[in-house]
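Undergrad: One structure, pasted below without further comment.
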């Protein structure tokens, strides 16, 4: 059964002040422009794409940290798209988020142990002394030992990797059903990345948690994700089982991402495709297929005029001329 | 337990080394000196500040400073030293009550305004800006003259004047923090607004509130002196620095410098003390922000 269903989700930001509005100079930035997918219980989905593709915005919309412009978000059978914050607050412990920047996601003035224990107290699941005991166990779990010593430290006394472990411990103490991890290791020292990802996977297995891993790094997606969705300019252009997609990309953009990444599939034929230019301005999305100005396979007519829809069953590709068929 | 939570940061603040620490120490020394004066006034004061302190024949003319009267006497024969001592009680009472009151009103309003932005913020900002746009002393005089002369009324007048100062600083800080990742993370944890504001945002604005308290109190001392100069804090014959300044105006012209010099000096020193505390703390704060 699906823990999360997202249907035609859109987030359009309006840019421009009152004067711009009067002069009709308002820009509408389509950060997320019609994203649909399902996430099963215990499954991990990676959202990959360049910066500006709308991955992070999608993640925040799912958790209602941003208000969606339109579409539907169904969490465990409950439509939360327009749910009021007060009601949503009771669901929030079940869906957690981990942020990219571990330096910014902790209160600088609070002891990290207390930061980990606090959610249990706030949600009335434990008294402070019980929460403290659980937080000490959690610190041990995430490898911050001796736990008693770490409990009393302030974030400034920890490294980036250690802070991210604290953030993970704080999210995991609530035993969530869904975790959105927004580039959780991109700002962490390379030597620590694998162990932090492993930690997340351990928790995932233990709690039978579902996970959305937002990343620009295909190697991360390959390590953790059952399925991967490739985003381009606010839309999913390809979605399917990770391993299959990396070996046999269906969308030219997926192929280009694989080509741009350092070798991650040993012995595999590496596509040599190179794309030109940069991701377009999301306030001026190209006509037809939004990838056509950069696509080496664009036919110059159908691709320019008609927007391709996601098609297929387990592997879905939004391209008029998919590479797999 | 509770007490150590308040004392520990203070102790560590005093142990730390940083540029500008001397300002904090000097400011604390001055303010504590005046506080001691205020508390001990009944024991130190050689005379009753509202009673004749010299034989009647000498009371007709101000007596210069001497061993019996270290700051001289005024033109009705009251001992200036005793008046300065007792005057510090009025000044400190008015300024500290007013500052605490402004803080108690300005800080919560600033928190709410900065967190919710939108309509609440706009309405509160307009009200606060319109108070802030008056020159402090004029507004204080207006309020105090409606309420009538008394130390408590002067405190109310000053409190109104300084509410916007706290409000603006706290609102700005809250606005910045509300947009920060760590507060969004707290929202994603499902924390109620009350917990986010009181347990997370407020402690992060505390250093700024302390700085504003020091600088605001320094300013309030000058405004208080202004109020009492116009007779809006105490009534004759009660002692108050600003009031004595007014009473001594004619004396100065006649060559009796001491009846105006000492009250003026006291006002200046105490204001300096609070200002030094504020400046010292803000140096320390800038340093901390740099490190984080």
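Protein chains in written order, with the numbering used here: chain A, 1 to 325; chain B, 1001 to 1292. Each residue gets a CB set at the ideal place from its N, CA and C atoms; glycine is no exception. Keep in mind the model is a prediction, meaning the values are calculated, not measured.
Using a Cβ-Cβ cut-off of 8 Å, state whether residue 1016 (chain B) counts as contacting chain A.
TA: So, not an interface residue.
Undergrad: For residue 212 (chain A), tell me which candidate among A:202, A:225, A:219, A:321 has the shortest Cα-Cα distance.
TA: Checking every option, the nearest Cα to that of residue 212 (chain A) belongs to A:225.
Undergrad: At what residues does the beta strand (DSSP E) containing residue 228 (chain A) begin and finish?
TA: 227 to 232 is the extent of the beta strand (DSSP E) around residue 228 (chain A).
Undergrad: Using 8 Å as the threshold, is the C-beta distance between residue 1228 (chain B) and residue 1242 (chain B) below it?
TA: The answer is yes: Cβ separation under 8 Å.
Undergrad: What residues from chain D crowd round residue 101 (chain A), counting only those whose CB sits closer than 9 Å?
TA: Absent here is chain D; the protein component of the structure consists of chains A and B.
Undergrad: Considering only their Cβ atoms, is the gap separating residue 250 (chain A) from residue 303 (chain A) smaller than 8 Å?
TA: Contact flag unset, no.
Undergrad: Select from B:1042, B:1138, B:1155, B:1140 the residue whose C-alpha is nearest the C-alpha of residue 1096 (chain B).
TA: That would be B:1155, whose Cα lies nearest to the Cα of residue 1096 (chain B).
Undergrad: Our contact map puts residue 1266 (chain B) next to residue 1117 (chain B) with C-beta atoms below 8 Å; I'd like the distance itself, whole angstroms only.
TA: Actually they are not in contact, since the Cβ atoms of residue 1266 (chain B) and residue 1117 (chain B) sit about 44 Å apart, beyond 8 Å.
Undergrad: Using only CA atoms, which one of A:7, A:17, A:20, A:41 lies nearest to residue 1 (chain A)?
TA: Taking only the C-alpha atoms, the option nearest residue 1 (chain A) is A:41.
Undergrad: Could you round the C-beta distance between residue 1090 (chain B) and residue 1240 (chain B) to whole angstroms and report it? I think they count as a contact, below 8 Å.
TA: That belief holds up - the Cβ atoms of residue 1090 (chain B) and residue 1240 (chain B) are roughly 5 Å apart, short of 8 Å.
Undergrad: Where residue 1207 (chain B) and residue 107 (chain A) are concerned, what is the direct C-alpha to C-alpha distance, given to the nearest angstrom?
TA: So the two alpha carbons sit approximately 15 Å from each other.
Undergrad: Take residue 1076 (chain B) as the anchor and find which of B:1050, B:1100, B:1099 has the nearest alpha-carbon.
TA: When each option's Cα is compared against that of residue 1076 (chain B), the closest is B:1050.
Undergrad: Hey, quick one: how far does the alpha helix (DSSP H) through residue 1097 (chain B) stretch, first residue to last?
TA: Start and end: 1080 to 1116.
Undergrad: For residue 123 (chain A), does the three-state DSSP call read helix, strand or coil?
TA: Three-state DSSP puts residue 123 (chain A) in coil, outside helix and strand.
Undergrad: Pull up the CB-CB distance for residue 1173 (chain B) and residue 1205 (chain B), whole angstroms please, since I reckon it's below 8 Å.
TA: Contact holds; Cβ gap of about 4 Å.
Undergrad: Do you know how far the Cα of residue 1119 (chain B) is from the Cα of residue 128 (chain A)?
TA: Their Cα atoms are separated by approximately 37 Å.
Undergrad: Would you call the stretch 228 to 244 of chain A and the stretch 288 to 307 of chain A touching, i.e. three or more CB-CB distances under 8 Å?
TA: The stretch 228 to 244 of chain A vs the stretch 288 to 307 of chain A: in contact.
Undergrad: Look at residue 61 (chain A) and residue 30 (chain A) and say whether their C-beta atoms are less than 8 Å apart.
TA: Contact: no.
Undergrad: One question on the structure: do residue 161 (chain A) and residue 189 (chain A) come within less than 8 Å of each other, judged by their Cβ atoms?
TA: For residue 161 (chain A) and residue 189 (chain A), yes; Cβs fall inside 8 Å.
Undergrad: Suppose the cutoff is 7 Å on Cβ atoms and the five residues either side in sequence are ignored; what does the same chain contact list for residue 187 (chain A) look like?
TA: Result list for residue 187 (chain A): 100, 101, 102, 160, in chain order.
Undergrad: Since residue 40 (chain A) is in the beta strand (DSSP E), which residue starts that stretch and which ends it?
TA: Here the beta strand (DSSP E) through residue 40 (chain A) covers 27 to 40.
Undergrad: What do you reckon, are the CB atoms on residue 1278 (chain B) and residue 1214 (chain B) nearer than 8 Å?
TA: Cβ distance < 8 Å, so residue 1278 (chain B) and residue 1214 (chain B) count as in contact.
Undergrad: May I have the straight-line CA-CA distance separating residue 1001 (chain B) from residue 1064 (chain B), to the nearest angstrom?
TA: With a pLDDT of 47 at residue 1001 (chain B), under the threshold of 50, the predicted position of this residue should be treated as unreliable, though the coordinate-derived value follows. Rounded to whole angstroms, residue 1001 (chain B) to residue 1064 (chain B) spans 53 Å at the Cα level.
Undergrad: When DSSP labels each residue in this structure, what does residue 72 (chain A) get in the three-state scheme?
TA: In this structure, residue 72 (chain A) counts as strand in the three-state DSSP scheme.
Undergrad: For residue 1281 (chain B) versus residue 1211 (chain B), is the C-beta spacing smaller than 8 Å?
TA: A contact, by the Cβ cut-off of 8 Å.
Undergrad: Looking only at its own chain, which residues have a Cβ that is under 7 Å from the Cβ of residue 282 (chain A), when we skip the five neighbours before and after it?
TA: Here the set comprises 29, 30, 31, 52, 233, 234.
Undergrad: To which residues does DSSP link residue 387 (chain A) through a beta bridge?
TA: Residue 387 (chain A) lies beyond the range of chain A shown here (1 to 325); nothing can be said about it.
Undergrad: Could you give the distance in angstroms between the alpha-carbon of residue 206 (chain A) and the alpha-carbon of residue 175 (chain A)?
TA: Residue 206 (chain A) and residue 175 (chain A): Cα-Cα distance of roughly 9 Å.
Undergrad: DSSP on residue 80 (chain A), reduced to helix/strand/coil?
TA: The answer is coil: DSSP assigns residue 80 (chain A) none of H, G, I, E or B.
Undergrad: Can you tell me where the beta strand (DSSP E) holding residue 10 (chain A) begins and where it ends?
TA: 2 to 15 is the span of the beta strand (DSSP E), which, as asked, contains residue 10 (chain A).
Undergrad: Which residue or residues does DSSP assign as beta-bridge partners of residue 47 (chain A)?
TA: Bridge partners of residue 47 (chain A): A:214, A:229.
Undergrad: Would you please verify whether the beta carbon of residue 96 (chain A) is less than 8 Å from any beta carbon of chain B?
TA: Residue 96 (chain A) counts as touching chain B.
Undergrad: Can you find a CB in chain A that lies within less than 8 Å of the CB of residue 1188 (chain B)?
TA: Yes, its Cβ sits closer than 8 Å to a Cβ of chain A.
Undergrad: Is the beta carbon of residue 1084 (chain B) sitting closer than 8 Å to the one on residue 1263 (chain B)?
TA: Their beta carbons are under 8 Å apart, which means residue 1084 (chain B) touches residue 1263 (chain B) by this criterion.
Undergrad: Is the separation between the beta-carbon of residue 285 (chain A) and that of residue 56 (chain A) shorter than 8 Å?
TA: Not a contact, by the Cβ cut-off of 8 Å.
Undergrad: Keeping to the same chain, check which residues put their C-beta closer than 6 Å to that of residue 310 (chain A); ignore five residues upstream and five downstream.
TA: Here the set comprises 316, 318.
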